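Engineer: Dropping the structure in here first, questions after.
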Amino acid sequence: MKHLLTLLISCLFLLYASAQGFKISSFHADIQLSREGKIEVTENIDVFFTEQKRGIYRDIPYKFKNAGKKYTTDISNITVSGHPFKVSKKNGMKSIRIGDPDIYLTGNQKYTIRYTVEGPFLSNPEFCEFYWNITGNDWQATIDKASFAVTLPDSLVIRYNNLRVFTGASGDNGKDATIRQEGRTIKGETTAPLYPGQGLTIAIQLPKDYVPANATLEVDTPPPPPKDFGDQWPMAALPLGLLAALLGFWKRMRGSDESNDIEPKPYPPLDLTPAETGAFYDHIVHDRDVISLLPYWAAQGHIKMEKDKAADEMYFTKINDLSTGRPPYEYTLFNDLFSFRTSVRLSDLKNEFYDTHQKVKSQIKQEIIDLQLYDDQYRYWFKSWRLWVLFLLLLPLIVVFFYFQFWLSAIIVIGMLLTIIVLGSIGSSTSEKGRRVKEDLRAFHRFLQNGDASQYPELIKNDPQYFEKVYPYAVAFNLDKSFTQRIKPYMTMAPMWYGYYGGYYGHGHHTMEDFSQDFSPKEISSAFTSMPASSGGGGGGFSGGSSGGGFGGGGGGSW
-11 MKHLLTLLIS CLFLLYASAQ GFKISSFHAD IQLSREGKIE VTENIDVFFT EQKRGIYRDI
49 PYKFKNAGKK YTTDISNITV SGHPFKVSKK NGMKSIRIGD PDIYLTGNQK YTIRYTVEGP
109 FLSNPEFCEF YWNITGNDWQ ATIDKASFAV TLPDSLVIRY NNLRVFTGAS GDNGKDATIR
169 QEGRTIKGET TAPLYPGQGL TIAIQLPKDY VPANATLEVD TPPPPPKDFG DQWPMAALPL
229 GLLAALLGFW KRMRGSDESN DIEPKPYPPL DLTPAETGAF YDHIVHDRDV ISLLPYWAAQ
289 GHIKMEKDKA ADEMYFTKIN DLSTGRPPYE YTLFNDLFSF RTSVRLSDLK NEFYDTHQKV
349 KSQIKQEIID LQLYDDQYRY WFKSWRLWVL FLLLLPLIVV FFYFQFWLSA IIVIGMLLTI
409 IVLGSIGSST SEKGRRVKED LRAFHRFLQN GDASQYPELI KNDPQYFEKV YPYAVAFNLD
469 KSFTQRIKPY MTMAPMWYGY YGGYYGHGHH TMEDFSQDFS PKEISSAFTS MPASSGGGGG
529 GFSGGSSGGG FGGGGGGSW
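Those letters in the sequence shown? Residues -11 to 547, by the numbering used here.
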């Protein structure tokens, strides 16, 4: 939808631009950075007039908003080479009108604009950022080619990950441009035309103290005086009533699926995998729910796991493919884990497997929904777009109440918005089927957590594979350590699917003590979820992240 809207706006701009009678063949910006917190900008703009025009105008913003705060930069020393010009201020911009009112031009024309800007840097607790809109997004013409060259005052080497370039309409993060460092200069150019309403923006992450602290921009904050407290209550009755109605409706729809009289059960529900069990039990798909599938498959004979004590390494080996008829998330995890291989080291998955891990979590969440364990009516109102429509409808009320100084009403509406966020994040109310399953899960969870341990010998005698069957669910419940310790006195040997790489102890099987000490679901989870560390600047990421953001920008047209 966003891309369709952008395309529509661009088409409207193109129709408007065709009436402007010009296009920009080339837009190049040379920018000199200084350690004093100012920059020198030279813009070379090659224009082709398709009809008679006096010249162009260039609008450069000096007032900005960022994170709700207002900033002002100082733009000075404006000059234009070879053409008469006039500078004025309008709508927070310096407007440079270039050309002679009595002379009309056609064909190719070149304009060189120079100016100085003080303080166009963003501060961050861990780094400084130069975030600059090279072309501006408000040109009334197509820019065939845009390029830039940012010269540093010293020989600082900037990592590639600390250089960003964006193209497109305001808010887009298009990548139709290049960026690179050559010596002291950061260079780049577009790889596709910029249409009216589109622009080219760069973000360069610099060391924290690269510019002085006094280059920080000041914030304008003029708060109005509030009304007297006694005047607040009549207007506050409306949002207070809405809040009470919302909570009452939620309570009626939610109901209760709690039951205190639960008899502990030693087995899980037969029709749920450990991943589904853990996710449905607390309505959150945890990392451990994904990891629980590994011992689950191992108990079914699909994989085995081995520990290399000498190298402190874990190995996963495929024995058989998964059978048909399983949920999609099992195939996603299994196939990506053993993609073009039958054995994999845990260390090989670090920083490489997080995308698969997140995809599997999303698929588990969808599977729980598809199992119809949640109440459809509750989901209709509180787990869909309808709740967020109410959220959006309430937002303007905050502005209205604050504007008319009814701050108590505004605070209540803010409380409603926070309530909506909380209600939207709370797990769904369960269906009749879900309540029955939930009761079985609570009974099973209670047994694993603090059930009668004297039942273990009889359970193991009647079902020698009891531990292998139940352990994956203990992992999903985050009870694997305590459950293993409780059952360990009644078991001597580790699960058949777990061993030591290369026959570490020199015997065919291993004890439960070995298993309890060496097998760690948390270690596996850490490898599955690890991501590459952000490079350069001490972390924290870019504050600039889209076309049209940062300082600079503006646009222009012909006259």
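Yeah, the Cβ is synthetic: ideal placement off N, Cα and C, and Gly gets one too.
Since the model is a prediction, treat every value here as computed from it, not as a measurement.
Report the rounded CA-to-CA distance for ILE86 versus SER143, giving the unit in angstroms.
Structural biologist: By one-based count along the sequence shown, residue 86 stands at place 98. By one-based count along the sequence shown, residue 143 stands at place 155. For ILE86 and SER143, the distance between alpha carbons rounds to 36 Å.
Engineer: How long is the line joining the alpha carbons of ALA441 and ALA267, rounded to whole angstroms?
Structural biologist: Here the question's residue 441 lines up with position 453 in the sequence shown. Here the question's residue 267 lines up with position 279 in the sequence shown. So the two alpha carbons sit approximately 26 Å from each other.
Engineer: Provide the residue(s) that pair with ASN96 in DSSP beta bridges, ordered along the chain.
Structural biologist: If you number the sequence shown from 1, residue 96 lands on position 108. The partner list for ASN96 (beta bridge, DSSP) reads PHE36.
Engineer: Is VAL387 buried or exposed, if buried means 16 or more other CB atoms sit within 10 Å of its CB?
Structural biologist: Looking up residue 387 in the sequence shown gives position 399. Exposed, by the Cβ-count rule.
Engineer: Could you check whether TYR99 and LYS41 sit closer than 8 Å to each other, using their CB atoms as the reference points?
Structural biologist: Walking along the sequence shown from the start, residue 41 turns up at place 53. Walking along the sequence shown from the start, residue 99 turns up at place 111. For LYS41 and TYR99, no; Cβs fall outside 8 Å.
Engineer: Tell whether a beta-carbon distance below 8 Å holds between PRO252 and ASP428.
Structural biologist: Residue 252 sits at position 264 when you count from the first residue of the sequence shown. Residue 428 sits at position 440 when you count from the first residue of the sequence shown. No. Outside cutoff.
Engineer: Across the stretch 120 to 132 and the stretch 11 to 18, are there enough close Cβ pairs to call them in contact, namely three or more that are closer than 8 Å?
Structural biologist: Yes, the stretch 120 to 132 touches the stretch 11 to 18.
Engineer: Please report whether the beta-carbon of GLY185 lies at a distance below 8 Å from any beta-carbon of chain B.
Structural biologist: The structure shown contains no chain B, having only a single protein chain.
Engineer: Nearest CA to the CA of SER294: which residue from GLN288, MET302 and ARG102?
Structural biologist: Here residue 294 is taken as the residue at index 306 of the sequence shown, counted from 1. The question names Ser, yet the displayed sequence has Glu at residue 294. Minimum Cα distance to GLU294 is reached at MET302.
Engineer: Are there three or more Cβ pairs, one per stretch, closer than 8 Å when the stretch 267 to 281 is compared with the stretch 447 to 454?
Structural biologist: The answer is no - the stretch 447 to 454 does not touch the stretch 267 to 281, with fewer than three Cβ pairs under 8 Å.
Engineer: I need the boundaries of the beta strand (DSSP E) containing GLN186, first residue and last residue.
Structural biologist: To locate residue 186, count along the sequence shown from 1; it is residue 198. Looking at the DSSP string, the run of the beta strand (DSSP E) that includes GLN186 is 186 to 194.
Engineer: For PRO316 and THR189, what's the separation of their Cα atoms in angstroms?
Structural biologist: To locate residue 316, count along the sequence shown from 1; it is residue 328. To locate residue 189, count along the sequence shown from 1; it is residue 201. So the two alpha carbons sit approximately 41 Å from each other.
Engineer: Return the first residue and the last residue of the beta strand (DSSP E) that PHE118 is part of.
Structural biologist: Counting from one through the sequence shown, the residue named residue 118 turns up at place 130. Residues 116 to 121.
Engineer: Can you check which of these residues, LEU378, ALA165 and THR139, is closest to THR179 by C-alpha distance?
Structural biologist: Numbered from its first residue, the sequence shown carries residue 179 at position 191. Comparing Cα positions, the closest option is ALA165.
Engineer: How would you write the range of the alpha helix (DSSP H) that ARG276 sits in, first residue to last?
Structural biologist: Residue mapping note: residue 276 aligns to position 288 of the sequence shown, counting from 1. Looking at the DSSP string, the run of the alpha helix (DSSP H) that includes ARG276 is 275 to 279.
Engineer: Mind reading off the beta-carbon distance from TYR255 to PHE115? Whole number of angstroms is fine, and I expect it under 8 Å.
Structural biologist: Mapped onto the sequence shown, residue 255 falls at position 267. Mapped onto the sequence shown, residue 115 falls at position 127. Not confirmed; about 54 Å, so no contact.
Engineer: Contact between the stretch 375 to 383 and the stretch 349 to 363: three or more CB pairs below 8 Å?
Structural biologist: The answer is no - the stretch 349 to 363 does not touch the stretch 375 to 383, with fewer than three Cβ pairs under 8 Å.
Engineer: Taking 8 Å as the limit between beta carbons, can you name the residues of its chain near GLY494, skipping five residues before and five after?
Structural biologist: By one-based count along the sequence shown, residue 494 stands at place 506. Its pLDDT being 42, under 50, GLY494 is placed unreliably by the model, and the measurement read from it follows with that caveat. There are no such residues.
Engineer: Restricting to Cα atoms, I'd like to know which of ASP300, ALA515 and ARG152 is closest to LEU194.
Structural biologist: The sequence position of residue 194 within the sequence shown is 206, counting from 1. That would be ARG152, whose Cα lies nearest to the Cα of LEU194.
Engineer: Can you find the residues in the same chain that come closer than 7 Å, C-beta to C-beta, to PRO509, ignoring five residues on each side of it along the sequence?
Structural biologist: As a working note, residue 509 is residue 521 in the sequence shown. Once the five neighbours on either side are set aside, the close Cβ partners of PRO509 are ARG276, ILE279, VAL463 and ASP468.
Engineer: Taking its Cβ as the centre, do 16 or more other Cβ atoms sit within 10 Å of GLY171, making it buried, or is it exposed?
Structural biologist: Along the sequence shown, read from residue 1 onward, the residue named residue 171 stands at position 183. Answer is exposed; the Cβ neighbour count stays below 16.
Engineer: Among the candidates LEU406, VAL105 and GLN97, whose CA atom is the shortest distance from the CA of ASN32?
Structural biologist: On the sequence shown, position 44 is the one that residue 32 refers to. The shortest C-alpha separation from ASN32 is found at GLN97.
Engineer: How is the alpha helix (DSSP H) around ILE250 delimited, first residue to last?
Structural biologist: Start at 1 with the first residue of the sequence shown, and residue 250 comes out as number 262. Here ILE250 belongs to no alpha helix (DSSP H), and DSSP marks it neither H nor E.
Engineer: Just tell me which of THR517, LEU281 and ILE291 has its CA closest to the CA of LYS551.
Structural biologist: Here the chain has residues from -11 to 547 only, and residue 551 is not among them.
Engineer: Using a Cβ-Cβ cut-off of 8 Å (strictly less than) and excluding sequence neighbours within five positions of SER331, which residues of its own chain qualify?
Structural biologist: Indexing the sequence shown from 1 puts residue 331 at position 343. Around SER331: TYR303, PHE304, THR305 and LYS306.
Engineer: Grab me the residues of LEU282's own chain with a C-beta within less than 6 Å of its C-beta, minus the 5 sequence neighbours each way, in chain order.
Structural biologist: Taking the sequence shown and counting its residues from 1, one reaches residue 282 at position 294. Closer than 6 Å at the Cβ level, and outside the excluded window around LEU282, lies no residue.
Engineer: Can you give me the C-alpha to C-alpha distance between VAL207 and TYR59, rounded to a whole angstrom?
Structural biologist: Stepping through the sequence shown from its first residue, residue 207 is reached at position 219. Stepping through the sequence shown from its first residue, residue 59 is reached at position 71. Because VAL207 sits at a pLDDT of 33, beneath the cut-off of 50, its placement in the model cannot be relied upon, and the point is left open.
Engineer: Along the chain, where does the alpha helix (DSSP H) that runs through GLY422 open and close?
Structural biologist: As a position in the sequence shown, residue 422 is number 434, starting the count at 1. Start and end: 420 to 438.
Engineer: Provide the residue(s) that pair with ALA137 in DSSP beta bridges, ordered along the chain.
Structural biologist: Within the sequence shown, the letter at position 149 stands for residue 137. DSSP, once it has assigned bridges, lists ASP18 and LYS175 as partnering ALA137.
Engineer: Which word fits MET(-11), buried or exposed, when buried means at least 16 other C-beta atoms lie within 10 angstroms of its C-beta?
Structural biologist: By one-based count along the sequence shown, residue -11 stands at place 1. Reliability of the predicted coordinates at MET(-11) is poor, the pLDDT of 43 falling under 50, and no value is obtained from them.
Engineer: For ARG474, which of LEU361, GLN443 and ILE250 has the nearest alpha-carbon?
Structural biologist: Within the sequence shown, numbered from 1, the residue matching residue 474 stands at position 486. Among LEU361, GLN443 and ILE250, the Cα nearest to that of ARG474 is on GLN443.
Engineer: What is the rounded straight-line gap between the Cα of SER22 and the Cα of LEU110?
Structural biologist: Indexing the sequence shown from 1 puts residue 22 at position 34. Indexing the sequence shown from 1 puts residue 110 at position 122. Their Cα atoms are separated by approximately 15 Å.
Engineer: Below 8 Å on the Cβ atoms is my contact criterion, and I expect VAL199 with TYR103 to pass it. Report the Cβ-Cβ distance as a whole number of Å.
Structural biologist: Working through the sequence shown from its first residue, we reach residue 199 at position 211. Working through the sequence shown from its first residue, we reach residue 103 at position 115. With a Cβ gap of about 18 Å, VAL199 and TYR103 do not count as contacting.
Engineer: Am I right that PHE136 and LYS78 are in contact with their C-beta atoms under 8 Å? What's the rounded C-beta distance?
Structural biologist: For the purposes of this step, residue 136 is taken as the residue at position 148 of the sequence shown. For the purposes of this step, residue 78 is taken as the residue at position 90 of the sequence shown. Actually they do not touch by this definition, with Cβ atoms about 26 Å apart.
Engineer: Expressed to the nearest angstrom, what Euclidean distance is found between the alpha-carbon atoms of ILE409 and SER311?
Structural biologist: Against the sequence shown, residue 409 aligns to sequence position 421. Against the sequence shown, residue 311 aligns to sequence position 323. Distance between the alpha carbons of ILE409 and SER311 is about 41 Å.
Engineer: Counting along the chain, where does the alpha helix (DSSP H) carrying PRO316 start and finish?
Structural biologist: Start at 1 with the first residue of the sequence shown, and residue 316 comes out as number 328. That run of the alpha helix (DSSP H) goes 316 to 325.
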